[in-house]
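First residue of the sequence shown? That's 0 in numbering that gives the first Met the number 0, and the numbers climb one at a time after it. Just so it is clear, CB atoms sit at the ideal spot from N, CA and C, and this is done for glycine as well. Here the structure is a predicted model, which means the values were calculated and not measured.
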Amino acid sequence: MPLVSLEKAVEPLVSILPAVQSHAYVAKQMCDSPADGLTTDESASIMLYTMGWEPLNKCLYVVLNDTLRSSERQQKLKPWYLFLRLFLNALFRLPLLSKTAYRGVRLDLSKRYTEGKTIVWWGFSSCTTAVSVLQSEQFLGMTGTRTMFTLQCQSARNIRNHS
């Protein structure tokens, strides 16, 4: 499957995400001199993935991750192929990071995950390499029900320059 422009990659998503083309336009305008040797379209695909818009349930990252986590993902992913090809190509071109990363959620997931067990997350997950970032109220906070994952990453990517 060939790489296509961001505009072409989001065309099949319009029926799922009605506002995706206007957000893709904005993302591309913000990526006119991309870092890390990425093309404008590659950088903008990462930017578009990280953008939030209203309603939240129609944001690209929310709908894509819901699709990836679905038991029917094989059927539901077809319209995503062109975007995923561009997005994954962009991610694979970024430098590999072998680091410890952290992810937190404000839920008790202790019964769902067993410590030390290998798990597969079908969706993309934003993480941080600084525990202090998770401790802010914007993310995990310091009180209440929450779960913090410590991830030993072998092939993480830093997307900061593109989001």
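Quick one: what does DSSP say residue i is sitting in, helix, strand or coil?
| i | result |
| --- | --- |
| M147 | strand |
| A26 | helix |
| A8 | helix |
| T38 | coil |
| A43 | helix |
Got a sec, what are the start and stop residues for the beta strand (DSSP E) residue i sits in?
| i | result |
| --- | --- |
| R102 | 99–104 |
Less than 8 Å between the CB atoms is what I'm expecting for residue i and residue j, so what's the real figure, rounded?
| i | j | result |
| --- | --- | --- |
| T99 | T149 | 6 Å |
| A34 | N160 | 4 Å |
Whose CA, out of the options, lies closest to the CA of residue i?
| i | options | result |
| --- | --- | --- |
| A8 | A34, D40, S131 | D40 |
| S14 | S42, K57, S4, L5 | K57 |
| S4 | A23, P17, A18 | A23 |
| V19 | L47, L139, R159 | L47 |
| V25 | G36, S154, S44, E10 | S44 |
| T117 | C152, S42, V130 | C152 |
**Request:** Jot down the residue ranges of each uninterrupted alpha helix (DSSP H) in the region 57–141, minimum 4 residues, whole runs only, in chain order.
**Result:** If we require 4 residues or more, the alpha helix (DSSP H) runs fully inside the region 57–141 come out as 59–68, 72–75, 80–92, 130–133.
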